[in-house]
Structure formats: structure tokens, C-alpha cells
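Peer 1: This is the structure I have questions about; it appears just below.
In the numbering used here, the protein residues as written are 5 to 413.
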């Protein structure tokens with residue numbers, strides 16, 4: 005009898021222990037992210053939460069992340085914590101499935117523009133896990149060979165154009181000054197430098213704005229005399245690929261290009277400069293490419309989910325991520341980090357990407373509530389002019405017509 009009672013007591017203790025165990029599920033991207041997040045969970049999250057009996061599992065969503073997360077949220081099966089892309093923030097917030105973090109998480113340690121990227125109607129819905137901005141990444145050897153000064157942080161649009169034009173003239177037909185992606189995700193930074201706003205007070209987009217036309221004409225004008233070319237003209241799919249060929253002097257890219265060049269063009273000597281300043285406003289324009297950590301408003305474990313989010317955005321985790329060259333940290337205090345004081349090309353690029361988040365007219369890369377199709381009229385206009393199929397005036401006129409049709413559906 006005593007043995008039986010002891011056995012029952014042991015089983016009860018085990019059951020109680022199991023019941024006390026909380027599992028927090030995280031949804032995020034596939035690809036390399038499972039390995040990266042898994043590493044962070046093992047190194048930082050599990051040790052910190054072991055005493056709280058909180059287990060964390062990462063479940064990546066393959067394919068179209070936004071579509072998959074939308075389906076899981078609607079079915080009530082999404083993770084307790086999940087990636088929240090800034091560009092699709094509005095759509096997810098509208099579902100009511102994202103927990104406002106005001107009063108739940110302390111947002112003050114993070115870069116202000118990043119908090120703004122995840123704010124809607126005064127409520128913060130995500131904490132940036134990391135971010136990127138655009139920089140000018142250039143081939144030092146081509147500038148040296150052309151005897152032209154490198155792009156620098158004080159350059160205006162005119163300064164950059166002069167340097168690129170001179171480089172092309174000095175190097176000849178086989179070389180090009182800059183790779184121009186015919187997409188809003190690169191061109192838009194120049195539009196923001198002029199003070200142009202993506203949406204007016206009624207949520208409409210004005211491509212007839214003189215400031216937008218100024219940026220459009222400058223960007224497409226860089227293609228004159230083949231000073232600038234599109235990626236397809238050198239059989240590449242993006243501007244980092246253009247840089248890899250050794251035939252193009254400048255690419256407009258973020259920190260992700262560093263590892264790409266290390267792996268695909270290890271002998272290329274590259275430098276980085278901030279985006280050039282608009283001559284009239286004396287401001288740079290830039291994008292914030294960022295994904296935040298968010299909490300499912302339907303989680304049954306809000307306290308545990310909050311603990312996990314706080315660890316994943318903690319100084320220790322962000323320091324580790326920075327030193328591993330994985331991403332740029334979102335905490336303001338890390339701007340003084342010793343890593344940013346290093347002089348190797350990768351560290352300089354990271355420092356300027358970090359600096360770019362707080363320098364000039366910086367906007368979240370977002371399509372608003374209308375989704376990715378919003379940018380199609382702009383992309384089509386850029387492609388038409390850069391390929392020589394339309395004049396700038398005709399392309400902009402058509403783009404506004406298409407934008408009006410899209411926004412009035």
C-alpha cells in the first residue's frame with residue numbers, strides 16, 4: 005500500500021511538473037532563419053528561462069510568409085510570438101491579432117525611427133529585431149583606376165553624378181558608374197530626400213508632385229550615356245550582382261551585400277558611403293527594411309511570450325548578432341559599440357547602415373494598407389524610362405493614371 009501511494013505521489017509530482025511547463029511557439033521565416041534563431045534560443049533564451057519552466061520552439065513558415073501567417077492567425081494557430089514585417093504592418097494590425105506593446109514592453113531603448121515603423125494610431129505593435137538601410141557600396145579599384153574620388157558622406161546628388169560621369173568617361177564603354185534597379189525599393193529613397201510623402205492626408209499617392217518628378221528625373225537621368233545601367237544589362241538580377249561583375253562602380257544596397265561579396269567576389273575591394281544629399285533640402289532619403297518581434301493578441305501565455313520577446317531583443321542578443329555579422333541591432337546604445345569603430349570594410353558598412361536609420365528623411369519600407377501592388381505603377385515607369393521606351397514625362401503621366409485606377413478600386 006505504501007509503495008502504491010508513493011508511486012501515485014510520484015506520478016502526481018511528475019504531472020504537476022509537466023503541467024507547469026509552458027511552451028512558447030515562435031513563427032518566422034524559413035531559409036537561414038531557423039538556424040540563426042535556433043542558435044539564439046539555445047544560447048540566450050533557454051538558459052534565461054529554464055527556472056521559469058518555459059520552453060521555446062521555432063516553427064518557420066515556408067513560402068509566402070505573409071500569406072501563411074494570415075492563415076494561421078485567422079485559424080487561431082499562429083505562434084505566441086512571430087515576425088511582423090514592417091511593410092505589411094497595416095494589414096496584420098487590421099486583423100486585431102497583434103498585441104499592442106504599449107505598457108507591455110519598454111520601447112525607449114530602440115531607435116526612434118524603428119519604433120515609428122511599427123507604430124499605428126499611437127500604438128506600437130512590434131520591436132525591431134534588426135534592420136537595414138541603404139548605402140552606396142562602391143568598387144575602390146574602379147575609382148582608383150579612373151582617378152576619381154570615392155563617394156563620400158558629404159556628397160550631394162550633383163557630386164555623385166559628376167563622379168559617376170567622370171568615371172564612365174575615363175574608363176570607357178566596358179564599365180559603368182552605377183547599377184539602377186527599376187524599383188521603388190531603391191528609387192524611393194531619392195524621392196524621400198526631396199521631402200515627398202508616400203501618401204497624403206486622404207491616403208492617396210501623388211506622383212505629379214514636383215518633388216517626386218525631381219527625384220524620378222535625377223534617378224533615371226543617371227542612365228544617360230550608359231553612366232548607369234540596370235542589372236539585366238549585365239545579366240544580373242540585382243545591384244549587388246552588378247557590383248560582383250567588376251564592371252560597375254556603385255550599387256545601392258544594404259548590409260546584406262557584405263556577405264554576398266565576401267562569398268562571390270572575395271577579391272573585390274569595396275567601400276561604403278551614406279546616401280547622397282538632395283541639393284535643395286540638404287537631406288538624405290532612406291528606407292528602413294525591418295522585421296519586428298510581435299506578440300499574438302490571442303496567446304494564452306502573454307507573460308511568458310513577453311519574457312521571450314524581451315530576451316530576443318536584449319543587449320546581449322543584439323551584441324551577439326552584431327558581432328556575428330548577422331544583422332544590425334535596433335538598440336540606440338549599440339551605436340557606440342566597439343565593433344562599429346573597426347576599420348574593415350564590413351564593419352564600416354555596418355556602422356553606416358546603422359547611422360542611416362537616423363540621418364535625413366528615413367521612412368519604413370512599406371506599401372501602406374494597399375499591399376505590394378501599390379508600387380507597380382512606379383516600377384513600370386522606372387523600367388520604361390531606363391529602357392528608353394518612354395520619356396520621363398510620359399512615364400510619370402501613365403504612372404499617375406495607373407495609380408489612380410489602383411487606389412480607386
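In this text, a Cβ means the ideal position worked out from N, Cα and C, and glycines have one as well.
Please read these numbers as outputs of a predicted model, since none were measured by experiment.
1. DSSP has residue 134 in a bridge; who is on the other side?
2. Taking only beta-carbon positions, decide if residue 368 is within less than 8 Å of chain B.
3. Taking one C-beta from the segment 311-318 and one from the segment 241-251 each time, how about it: are there three or more such pairs within less than 8 Å?
4. Quick check: what's the CA-CA separation for residue 404 versus residue 392?
5. Among residues of its own chain, excluding the 5 on either side of residue 377, which ones have a beta-carbon nearer than 7 Å to its beta-carbon?
6. Which same chain residues, not among the five before or five after residue 260, have their C-beta less than 7 Å away from its C-beta?
7. Can you tell me where the alpha helix (DSSP H) holding residue 402 begins and where it ends?
8. Got a sec, what are the start and stop residues for the beta strand (DSSP E) residue 116 sits in?
9. Since I believe residue 224 is in contact with residue 238 (beta carbons under 8 Å), could you give me their beta-carbon distance rounded to a whole number of angstroms?
10. By Cβ distance, which residues of its chain are closer than 6 Å to residue 269, with the 5 residues on each side in sequence left out?
11. Roughly how many angstroms separate the alpha carbons of residue 375 and residue 413, rounded to a whole number?
12. Should residue 61 go down as buried or exposed, given a rule of 16 or more other Cβ atoms within 10 Å for buried?
13. If you draw a straight line from the C-alpha of residue 281 to the C-alpha of residue 201, how long is it?
14. Excluding the 5 residues flanking residue 185 on each side, which residues of the same chain have their C-beta closer than 6 Å to its C-beta?
15. Is residue 157 helix, strand or coil when you go by DSSP?
16. For the segment 302-390, which segments carrying the alpha helix (DSSP H) assignment without a break, of at least 4 residues, lie completely within its bounds, in sequence order?
17. To the nearest angstrom, report how far apart residue 210 and residue 181 are at their CA atoms.
18. Sort out for me which residues DSSP pairs residue 272 with in a bridge.
19. From residue 235 to residue 53, what distance separates their C-alpha atoms?
20. Touching or not, the segment 275-295 and the segment 117-135, by the rule of three or more beta carbon pairs under 8 Å?
21. Taking residue 36 as the reference, give the member of 63, 59, 128 with the closest Cα.
22. Indicate whether the contact test is met: 3 or more Cβ pairs, each with one atom in the segment 337-345 and one in the segment 354-367, closer than 8 Å.
23. Compute the Euclidean distance between the alpha carbons of residue 38 and residue 333, then round it to the nearest angstrom.
24. Closest by CA to residue 325, which one among 34, 42, 219, 24?
25. Hey, quick one: how far does the beta strand (DSSP E) through residue 141 stretch, first residue to last?
26. Measure the C-alpha to C-alpha separation of residue 81 and residue 296 and round it to an integer number of angstroms.
27. Would residue 51 be called buried (16 or more neighbouring beta carbons within 10 Å of its own) or exposed?
28. Hey, would you say residue 275 sits closer than 8 Å to residue 154, going by beta carbons?
29. The beta strand (DSSP E) that contains residue 221, what's its start and end?
30. Would you list the residues sitting across from residue 69 in a DSSP beta bridge?
31. Between the C-alpha atoms of residue 288 and residue 55, what's the straight-line distance to the nearest angstrom?
32. Tell me the residue span of the alpha helix (DSSP H) that contains residue 191.
33. Going along the chain, which residues of its own chain have a beta-carbon closer than 7 Å to the beta-carbon of residue 106, five neighbours each way excluded?
34. Measuring straight from C-alpha to C-alpha, what distance separates residue 44 and residue 322?
35. In chain order, what residues of the same chain have a beta carbon less than 8 Å from the beta carbon of residue 406, not counting five sequence neighbours either side?
Peer 2: Working from what's here:
1. Counting from one through the chain shown, the residue named residue 134 turns up at place 130. DSSP output for residue 134 lists 295 as bridge partner(s).
2. The chain labelled as chain B is not found in the depicted structure, where only one protein chain is given.
3. The segment 311-318, when compared against the segment 241-251, does not touch it at the 8 Å Cβ threshold.
4. Residue 404 sits at position 400 when you count from the first residue of the chain shown. Residue 392 sits at position 388 when you count from the first residue of the chain shown. Rounded to the nearest angstrom, the two C-alpha atoms are 19 Å apart.
5. Counting from one through the chain shown, the residue named residue 377 turns up at place 373. Counting only Cβ-Cβ distances below 7 Å, and skipping sequence neighbours, we find 410.
6. To locate residue 260, count along the chain shown from 1; it is residue 256. Within the same chain, residue 260 has close Cβ partners 136.
7. Position 398 of the chain shown, counted from the first residue, corresponds to residue 402. Its alpha helix (DSSP H) spans residues 396-411.
8. Within the chain shown, numbered from 1, the residue matching residue 116 stands at position 112. First-last for residue 116: 116-121, but that is the alpha helix (DSSP H), not the beta strand (DSSP E).
9. Counting from one through the chain shown, the residue named residue 238 turns up at place 234. Counting from one through the chain shown, the residue named residue 224 turns up at place 220. Not a contact, Cβ separation roughly 18 Å.
10. Reading the chain shown from its first residue, position 265 is the one you call residue 269. Closer than 6 Å at Cβ, skipping near neighbours: 248.
11. Position 371 of the chain shown holds residue 375. Position 409 of the chain shown holds residue 413. Whole-angstrom Cα-Cα distance: 13 Å.
12. As a position in the chain shown, residue 61 is number 57, starting the count at 1. Per the 10 Å Cβ criterion, exposed.
13. Here residue 281 refers to the residue found at position 277 of the chain shown. Here residue 201 refers to the residue found at position 197 of the chain shown. Each residue's alpha carbon lies about 17 Å from the other.
14. Locating residue 185 in the chain shown gives position 181, where the first residue counts as 1. Hits under 6 Å: 243.
15. Numbered from its first residue, the chain shown carries residue 157 at position 153. Here residue 157 sits in coil by DSSP.
16. 306-316, 319-327, 349-360, 380-390
17. Here residue 210 is taken as the residue at index 206 of the chain shown, counted from 1. Here residue 181 is taken as the residue at index 177 of the chain shown, counted from 1. About 30 Å.
18. Sequence index remark: in the chain shown, residue 272 carries index 268 (1-based). Per DSSP, none; premise fails for residue 272.
19. Along the chain shown, one-based indexing puts residue 235 at 231. Along the chain shown, one-based indexing puts residue 53 at 49. Near 47 Å, if we compare the C-alpha coordinates of residue 53 and residue 235.
20. yes
21. Counted from its first residue, the chain shown places residue 36 at position 32. That would be 63, whose Cα lies nearest to the Cα of residue 36.
22. yes
23. Taking the first residue of the chain shown as position 1, residue 38 is located at position 34. Taking the first residue of the chain shown as position 1, residue 333 is located at position 329. The straight-line gap from Cα to Cα measures roughly 19 Å.
24. Stepping through the chain shown from its first residue, residue 325 is reached at position 321. Nearest in C-alpha terms to residue 325, of all of 34, 42, 219, 24, is 42.
25. Walking along the chain shown from the start, residue 141 turns up at place 137. Element bounds for residue 141: 139-143.
26. One-based indexing of the chain shown puts residue 81 at position 77. One-based indexing of the chain shown puts residue 296 at position 292. So the two alpha carbons sit approximately 19 Å from each other.
27. By 1-based counting over the chain shown, the position of residue 51 is 47. Exposed, because fewer than 16 other Cβ atoms sit within 10 Å of the Cβ of residue 51.
28. As a working note, residue 275 is residue 271 in the chain shown. As a working note, residue 154 is residue 150 in the chain shown. In this structure, residue 154 lies closer than 8 Å to residue 275 by Cβ.
29. Taking the chain shown and counting its residues from 1, the one referred to as residue 221 is at position 217. Note, residue 221: premise wrong, no beta strand (DSSP E); alpha helix (DSSP H) at 214-225.
30. Mapped onto the chain shown, residue 69 falls at position 65. Paired residue(s): none; residue 69 is not in a bridge.
31. As a first step, residue 288 is located in the chain shown; it is residue number 284 there, counting from the start. As a first step, residue 55 is located in the chain shown; it is residue number 51 there, counting from the start. Approximately 48 Å between the Cα atoms of the pair.
32. What you label residue 191 is simply residue 187 of the chain shown in a count that begins at 1. That run of the alpha helix (DSSP H) goes 188-197.
33. What you label residue 106 is simply residue 102 of the chain shown in a count that begins at 1. Residues 127, 128 of the same chain have their beta carbon placed closer than 7 Å to that of residue 106, with the five preceding and five following residues left out of the count.
34. Here residue 44 refers to the residue found at position 40 when the chain shown is read from its first residue. Here residue 322 refers to the residue found at position 318 when the chain shown is read from its first residue. Between residue 44 and residue 322, the C-alpha separation is close to 10 Å.
35. For this step, residue 406 is matched to residue 402 along the chain shown. Only 380, 381, 384 meet the Cβ criterion.
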